[in-house]
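Everything in the sequence shown is counted per this note's numbering, starting at 19 for the first residue and increasing by one. Yeah, the Cβ is synthetic: ideal placement off N, Cα and C, and Gly gets one too. Computed from a prediction, not measured in an experiment: that's the story for all the values here. See structure below.
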Amino acid sequence: MKLSGRNQLKATIKEIKEDGIMAKVVLDYKGERLVSVVTADSVADLELKVGDDVTALIKSTSVMLMK
Numbered sequence: 019m020k021l022s023g024r025n026q027l028k029a030t031i032k033e034i035k036e037d038g039i040m041a042k043v044v045l046d047y048k049g050e051r052l053v054s055v056v057t058a059d060s061v062a063d064l065e066l067k068v069g070d071d072v073t074a075l076i077k078s079t080s081v082m083l084m085k
């Protein structure tokens, strides 16, 4: 499979909170916390669970930096 997203971060799922049709998936990336909001159907389709290793793909037209 080819993807246009170039920012790929290998992470581990630390928490999944489902709320209706949406789910918040909390990831650990090298000790940093990343949060992804996806549909609950996606969590089920991908069979995501705490402890799974995943790849977070980030594609955005805007990236904000703070120092």
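Neighbourhood of residue i by C-beta, 8 Å cutoff - its chain only, sequence neighbours within 5 removed
{"i": "residue 34", "result": "41, 42, 43, 44, 61, 66, 67, 68"}
{"i": "residue 49", "result": "none"}
Assigned secondary structure, residue i (DSSP; H/G/I helix, E/B strand, else coil)
{"i": "residue 68", "result": "coil"}
{"i": "residue 81", "result": "coil"}
For residue j and residue i, the rounded distance between their alpha carbons
{"i": "residue 36", "j": "residue 58", "result": "6 Å"}
{"i": "residue 32", "j": "residue 38", "result": "20 Å"}
{"i": "residue 85", "j": "residue 47", "result": "20 Å"}
{"i": "residue 30", "j": "residue 54", "result": "12 Å"}
Identified DSSP bridge partners for residue i
{"i": "residue 74", "result": "27"}
Cβ-based neighbour list, residue i, same chain, cut-off 6 Å, excluding 5 preceding and 5 following
{"i": "residue 76", "result": "25"}
{"i": "residue 71", "result": "30"}
Original post:
Which runs of the beta strand (DSSP E) fall wholly inside the region 21 to 59 and span at least 3 residues, in chain order?
Top reply: Counting only runs of at least 3 residues, the region 21 to 59 fully encloses the following beta strand (DSSP E) elements, listed from N- to C-terminal order: 25 to 37, 40 to 47, 50 to 57.
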